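Its first residue numbered 33, the sequence shown is counted upward by one per residue in this note's numbering.
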Amino acid sequence: MRTDATNVKMPSVEEIKKSVISKLRYSLCLEVDSATNADIFNALALTIRDYQLDGFFSTRKLQEKAKSKRLYYLSMEFLLGQSLRNNLMNIGLLQQAEHAVAELGFDFEHITAEEPDAALGNGGLGRLAACFIDSMATLDIAASGHGIKYEYGLFKQSIQHNQQVEQPDDWHSTHSPWLIEHHSQLMLIPLGGHIEESYDIEGNYNPMWMDWKVIVGIPHDYLVTGYGGKTVNTLRLYSAGASDSFDVHIFNRGDYLRAVGQKIASENISKILYPADEIQSGKELRLTQEYFLVACTLRDIFHDYAQHSSDITALPEAVAIQLNDTHPALAIVEMMRILVDEHRLDWSAAWEITQKTCAFTNHTLMPEALETWSVALFEKLLPRHLQIIYEINHRLLGEVAEKWPDKPHLLASLSLFEEGAEKKIRMANLAIVGSHKINGVAKLHSELITQTLVPDFYFITPEKFTNQTNGVTPRRWIQQANPGLAMFLTRHLGNGWVTDLDRLQQLKKLANEKGVVEEVQALKLKNKQALCRQIAFQQGVQLDPLAMFDCQVKRIHEYKRQLLNILHVIHLYLEIIESGHTPTPKVHLFAGKAAPGYAMAKLIIQLINEVAKTINGDPRVKGQLSVLFLEDYKVSLAEHIIPATDLSEQISTAGTEASGTSNMKFAMNGALTIGTLDGANIEIRDAVGKENFYLFGANADEITTHRQVGSHNRIDHNRDPIVSAVLEALISGRFNANTAVFQPIYHMLTNADHYCHLLDFDSYRLAQHQAQTDFLQQRQWHQRALLNIANMGSFSSDRTIRGYAKEIWGIGF
33 MRTDATNVKM
43 PSVEEIKKSV
53 ISKLRYSLCL
63 EVDSATNADI
73 FNALALTIRD
83 YQLDGFFSTR
93 KLQEKAKSKR
103 LYYLSMEFLL
113 GQSLRNNLMN
123 IGLLQQAEHA
133 VAELGFDFEH
143 ITAEEPDAAL
153 GNGGLGRLAA
163 CFIDSMATLD
173 IAASGHGIKY
183 EYGLFKQSIQ
193 HNQQVEQPDD
203 WHSTHSPWLI
213 EHHSQLMLIP
223 LGGHIEESYD
233 IEGNYNPMWM
243 DWKVIVGIPH
253 DYLVTGYGGK
263 TVNTLRLYSA
273 GASDSFDVHI
283 FNRGDYLRAV
293 GQKIASENIS
303 KILYPADEIQ
313 SGKELRLTQE
323 YFLVACTLRD
333 IFHDYAQHSS
343 DITALPEAVA
353 IQLNDTHPAL
363 AIVEMMRILV
373 DEHRLDWSAA
383 WEITQKTCAF
393 TNHTLMPEAL
403 ETWSVALFEK
413 LLPRHLQIIY
423 EINHRLLGEV
433 AEKWPDKPHL
443 LASLSLFEEG
453 AEKKIRMANL
463 AIVGSHKING
473 VAKLHSELIT
483 QTLVPDFYFI
493 TPEKFTNQTN
503 GVTPRRWIQQ
513 ANPGLAMFLT
523 RHLGNGWVTD
533 LDRLQQLKKL
543 ANEKGVVEEV
553 QALKLKNKQA
563 LCRQIAFQQG
573 VQLDPLAMFD
583 CQVKRIHEYK
593 RQLLNILHVI
603 HLYLEIIESG
613 HTPTPKVHLF
623 AGKAAPGYAM
633 AKLIIQLINE
643 VAKTINGDPR
653 VKGQLSVLFL
663 EDYKVSLAEH
673 IIPATDLSEQ
683 ISTAGTEASG
693 TSNMKFAMNG
703 ALTIGTLDGA
713 NIEIRDAVGK
723 ENFYLFGANA
733 DEITTHRQVG
743 SHNRIDHNRD
753 PIVSAVLEAL
763 ISGRFNANTA
773 VFQPIYHMLT
783 NADHYCHLLD
793 FDSYRLAQHQ
803 AQTDFLQQRQ
813 WHQRALLNIA
823 NMGSFSSDRT
833 IRGYAKEIWG
843 IGF
């Protein structure tokens, strides 16, 4: 038995085996000879959790002794994926666990496959949060993530009749071996009711929040182990329950069904990620979820702080709160409510504490995507918070009017309220006003926030705005997802690269060594072969691993332009039919989910699948072009696709993607990128060199100009025979006998192409052709792939978190 840096004893193979047997017997009531793979997974996870707990208690003692400033990271999403292999790697027990499972007569790969992806997020926002909490623990930052323990994820996607079908995603949240429930720490959260005006004995306004119902928040801890096992932090997830079995007053009136219905309604708060907000009940549930998260978290924050200090004015010296997008912006209002109503601080003191404690990360550039809530809904659910928002706004606009009397236009743009037929609260404005720092997540994104999204806020408080370019954890996205590449890096660089990704720079001196380049080429082929086997098993489709793998995997959205990709695939198909050949065989892989109510995105999925069916069934292109949509995209699927990719599609319309993180994952796994000057693409291109990045398309300024000109600058597709042929194919019946099916796409492209698919099509086609031609030179391609990897060190989430800690949270190293 060995000891790690926190003096926690680490188990041997024999000890792990004995513990698994014990967990089977005493926790699961099973013997080894009757256990399934799923049983072994649960027993092994419980075993590993015990060692994580030892590390957690040791970590807390060290942090308390050091009086470490504590970071609370609030996010509505944490897209964790599978945890067993990741935890074993970070603790340093992977090999021991593999041997223990083998000695028990089981296959370790089959055991890990039994773990469902934790369905706690939708896409990039949640995966970023997961990378960040990994880096916080690895960097020994006293931190905890805070989110909701959704019973059901967004949805499980299946493709039926070439269309997306949504099914419930039950990820086994009720019995996950990683979650530790703390029922003794439950918290009571008020909701609804009304305000009664009153004054205290000194004549000060003292509103009384009355007749609210109570939601119970039950915390569950998911242990987050940093690499090396030194630090174990937590991701705290809250589930919702009713305050009593049911409302006794209603029950006593004989309305049993209504009483039980209220209990169910309370528990529904943590039932599902992103309820449909097209209807009022969905809006109400979503706002309730957001308040539930911040109310539970703030109770934890004030409870934790009270254990060490009674001086509430010193809170910002001990606590930092990071708001991941606008969803947790209510934390600002809830903190003010607690400080003013419960701690009886005067407004100015409370506001200073709140601003110094809170910081806000913006994740969007599209004004229409900025979150707003109706005042009427706030008044119904959070009447006291609405009062506080009015007061914040009154003071803000008063200060602005006094300081800039010659700029009255500022009042409308800075107001926390959007006037109109339905008065709404602007959550981004609230988050900006209540935070001491506002950051974007890529250099271009941060610039556009200050120039086009909220320029008036930048004008009055330029010192608040900063940039922290996103990053991804190399533990998950190289070490776990691409073990062959990880072994290659360790062999050439030593093991230090796992926590110091800048060491990848040393690979540059190996780029001219033929044997090293051949090794990189062999690794890529092995990953492609593994993905081909998985696709053949799951979907019965045989792919050629020697073909060029061109992949676009991300949420389906018009601005991400999966449509541009499939339009080009149609062009390739038509070209092969006419000429009989293509520069190099290609496999186009798509994956991603469309929001259930997003009709155009779902139609794009149908188009991709209809095109794939036509192409894959046409003998004229067999062996030259294949297309496949992989259903139910999630973290564990991404871990197979990304290491197998040759060409990474990062083709969003310039000026729309905040950052992107899949672009980083693909590049650090040896894929070259085809992309626009958007989000973090710009910084990736600067890092890897323009010769390793297939740039195309208009830049953000050109896109803006094109949109301003509007219909006068509409692309005349009839003048371009290639574009005309592609568009004609959409509605000709070639891909669907019903020629009306894809008419909405045709109409959008030819009348109101907001995301500029046709504007960028020719440039994209030429860049694609160059990439195909270059792929024929295999040695040079993989040499460039190696240089690509070598220059991706700055895109580690460790670097990002160091930036947040130093420049935003006031946490030093």
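Note that CB positions come from ideal geometry on N, CA and C, so glycine has one too. Since the model is a prediction, treat every value here as computed from it, not as a measurement.
Checklist entry - Does the pairing of the stretch 496-508 with the stretch 472-480 give three or more beta-carbon distances under 8 Å? => result These segments touch.
Checklist entry - Going by beta carbon distance, what residues of the same chain come within less than 6 Å of Pro415, once the five residues before and after it are set aside? => result Against the sequence shown, residue 415 aligns to sequence position 383. Taking C-beta separations shorter than 6 Å and ignoring five residues to either side along the sequence, the partners of Pro415 in its chain run His226, Ile227, following chain order.
Checklist entry - In whole angstroms, what is the alpha-carbon distance linking Glu156 and Thr688? => result Working through the sequence shown from its first residue, we reach residue 156 at position 124. Working through the sequence shown from its first residue, we reach residue 688 at position 656. The residue you asked about is not Glu; residue 156 is Gly in the sequence shown. Looking at the two C-alpha atoms, the distance is approximately 14 Å.
Checklist entry - Smallest Cα separation from Leu517: which of Ile674, Val659, Asn648? => result Position 485 of the sequence shown, counted from the start, is the residue given in the question as residue 517. Of the candidates Ile674, Val659, Asn648, the one whose C-alpha sits nearest the C-alpha of Leu517 is Ile674.
Checklist entry - How is Pro399 classed by DSSP in three states: helix, strand or coil? => result Position 367 of the sequence shown, counted from the start, is the residue given in the question as residue 399. In the structure shown, Pro399 sits in a helix (DSSP, three-state: H, G or I).
Checklist entry - For Asn194 versus Ile143, is the C-beta distance shorter than 8 Å? => result Reading the sequence shown from its first residue, position 162 is the one you call residue 194. Reading the sequence shown from its first residue, position 111 is the one you call residue 143. No, these two residues do not count as a Cβ contact at 8 Å.
Item to check | Meets three-Cβ-pair contact criterion under 8 Å: the stretch 526-543 and the stretch 732-741 | outcome: Not touching, per the Cβ criterion.
Next on the checklist: Contact defined as beta carbons within less than 8 Å: I believe Leu106 pairs with Ala363. What is the distance between those atoms, to the nearest angstrom?
Outcome noted: Locating residue 106 in the sequence shown gives position 74, counting from the first residue. Locating residue 363 in the sequence shown gives position 331, counting from the first residue. Confirmed, about 6 Å.
Next on the checklist: Measuring only the C-alpha atoms, how far is Leu103 from Ile333?
Outcome noted: Counting from 1 along the sequence shown, the entry for residue 103 is found at position 71. Counting from 1 along the sequence shown, the entry for residue 333 is found at position 301. Spanning the two alpha carbons is a distance of roughly 10 Å.
Checklist entry - Nearest to Ala145 by alpha carbon, out of Ser115, Met121, Thr345, Ala644? => result Locating residue 145 in the sequence shown gives position 113, counting from the first residue. Closest by alpha carbon: Ser115.
Checklist entry - Is Glu545 helix, strand or coil when you go by DSSP? => result On the sequence shown, residue 545 is found 513 positions in, with the first residue counted as 1. Judged by DSSP in its simplified three-state form, Glu545 adopts coil rather than helix or strand.
Checklist entry - In this structure, what does DSSP give as the bridge partners for Cys849? => result Nothing about residue 849 can be reported from this structure: the residues present for the chain run from 33 to 845 only.
Item to check | C-alpha gap between Ile420 and Leu448, whole angstroms | outcome: Within the sequence shown, residue 420 is the residue found at index 388, counting from 1. Within the sequence shown, residue 448 is the residue found at index 416, counting from 1. Going from the Cα of Ile420 to the Cα of Leu448 covers about 11 Å.
Item to check | beta-carbon Glu715 near the ligand PLP non-hydrogen atom, thresh 7 Å | outcome: As presented, the structure is devoid of all ligands, the ligand PLP included, so that no description of it is given.
Checklist entry - Is DSSP giving Arg102 helix, strand or coil here? => result As a position in the sequence shown, residue 102 is number 70, starting the count at 1. It is a strand residue.
Next on the checklist: Tell me the DSSP secondary structure of Ser59 in three-state form.
Outcome noted: Position 27 of the sequence shown, counted from the first residue, corresponds to residue 59. Under the three-state reduction of DSSP, Ser59 is assigned to coil, being neither helix nor strand.
Next on the checklist: So, with DSSP's three-state summary, where would you put Arg376?
Outcome noted: Working through the sequence shown from its first residue, we reach residue 376 at position 344. Annotated three-state conformation of Arg376 is coil, per DSSP.
Checklist entry - Taking C-alpha atoms, which residue in Ala817, Leu662, Thr771 lies nearest to Gly721? => result In the sequence shown, the residue the question calls residue 721 occupies position 689. Restricting attention to Ala817, Leu662, Thr771, the CA atom closest to the CA of Gly721 is found in Ala817.
Checklist entry - Helix, strand or coil: how does DSSP classify Phe497 here? => result Stepping through the sequence shown from its first residue, residue 497 is reached at position 465. Taken through DSSP and simplified to helix, strand or coil, Phe497 comes out as strand.
Checklist entry - Where do the N-terminal and C-terminal ends of the alpha helix (DSSP H) with Tyr422 fall, by residue? => result Your numbering for residue 422 matches position 390 in the sequence shown. 415-435 is the extent of the alpha helix (DSSP H) around Tyr422.
Item to check | Nearest-angstrom Cα separation, counted from Glu671 out to Trp509 | outcome: Residue numbering aside, residue 509 sits at position 477 when the sequence shown is read from its first letter. Residue numbering aside, residue 671 sits at position 639 when the sequence shown is read from its first letter. Looking at the two C-alpha atoms, the distance is approximately 7 Å.
Checklist entry - Ordered along the chain, which non-local residues of its own chain (more than five positions away) have a Cβ less than 8 Å from that of Gly124? => result Working through the sequence shown from its first residue, we reach residue 124 at position 92. Only Asp36, Met42, Gly260, Gly261 meet the Cβ criterion.
Checklist entry - Hey, would you say Glu109 sits closer than 8 Å to Leu78, going by beta carbons? => result Position 77 of the sequence shown holds residue 109. Position 46 of the sequence shown holds residue 78. Not in contact: Glu109 and Leu78 (Cβ atoms no closer than 8 Å).
Checklist entry - Helix or strand or just coil, what does DSSP make of Gln809? => result Numbered from its first residue, the sequence shown carries residue 809 at position 777. The answer is coil: DSSP assigns Gln809 none of H, G, I, E or B.
Checklist entry - What are the residues that DSSP puts in a beta bridge with Arg7? => result The displayed coordinates of the chain run from 33 to 845. Any statement about residue 7 would go beyond what the structure contains.
Item to check | beta strand (DSSP E) runs wholly inside the stretch 142-191, at least 3 long, in chain order | outcome: With a minimum length of 3 residues, the unbroken runs of beta strand (DSSP E) contained wholly in the stretch 142-191 fall at 175-180.
Item to check | Nearest to Ala8 (by Cα), restricted to the options Gln84, Gly844, His395 | outcome: This structure gives no information on residue 8, because the portion of the chain shown stretches from 33 to 845.
Checklist entry - For the putative contact between Ala757 and Leu606, defined by C-beta atoms under 8 Å, what is the C-beta separation to the nearest angstrom? => result Within the sequence shown, the letter at position 725 stands for residue 757. Within the sequence shown, the letter at position 574 stands for residue 606. Under the criterion of beta carbons closer than 8 Å, Ala757 and Leu606 qualify as touching, at roughly 6 Å.
Checklist entry - Excluding the five sequence neighbours on either side, which residues of its own chain have a C-beta within less than 7 Å of the C-beta of Arg831, listed in chain order? => result In the sequence shown, the residue the question calls residue 831 occupies position 799. Taken in chain order, the residues that qualify are Gly503.
Checklist entry - When you compare only the Cα positions, how much space is there between Cys564 and Gly572? => result As a position in the sequence shown, residue 564 is number 532, starting the count at 1. As a position in the sequence shown, residue 572 is number 540, starting the count at 1. So the alpha carbons of these two residues sit roughly 10 Å apart.
Next on the checklist: Spatial neighbours of Gly844 within its chain, please: C-beta separation below 6 Å, excluding the five flanking residues on both sides.
Outcome noted: As a working note, residue 844 is residue 812 in the sequence shown. Counting only Cβ-Cβ distances below 6 Å, and skipping sequence neighbours, we find nothing.
Checklist entry - So what's His252 in DSSP terms, helix, strand or just coil? => result Locating residue 252 in the sequence shown gives position 220, counting from the first residue. His252: strand per DSSP, three-state reduction.
Item to check | Through-space distance from Ala350 to Gln339, alpha-carbon basis | outcome: As a first step, residue 339 is located in the sequence shown; it is residue number 307 there, counting from the start. As a first step, residue 350 is located in the sequence shown; it is residue number 318 there, counting from the start. Put simply, the backbone Cα of Gln339 is about 12 Å away from that of Ala350.
Next on the checklist: Quick check: what's the CA-CA separation for Arg427 versus Val643?
Outcome noted: As a working mapping, residue 427 is identified with position 395 in the sequence shown. As a working mapping, residue 643 is identified with position 611 in the sequence shown. Cα to Cα, the separation comes out at about 57 Å.
Next on the checklist: What ranges does the alpha helix (DSSP H) occupy inside the stretch 222-246, keeping only unbroken runs of at least 4 residues that lie completely in it?
Outcome noted: As far as the stretch 222-246 is concerned, it has no whole alpha helix (DSSP H) run of at least 4 residues.
Next on the checklist: Please return the same chain residues whose Cβ sits closer than 6 Å to the Cβ of Gly368, not counting the five positions on each side in sequence.
Outcome noted: One-based indexing of the sequence shown puts residue 368 at position 336. The amino acid occupying residue 368 in the given sequence is Met; Gly does not appear at that position. Excluding positions up to five away in sequence, the list reads Ala382, Thr386, Ile420.
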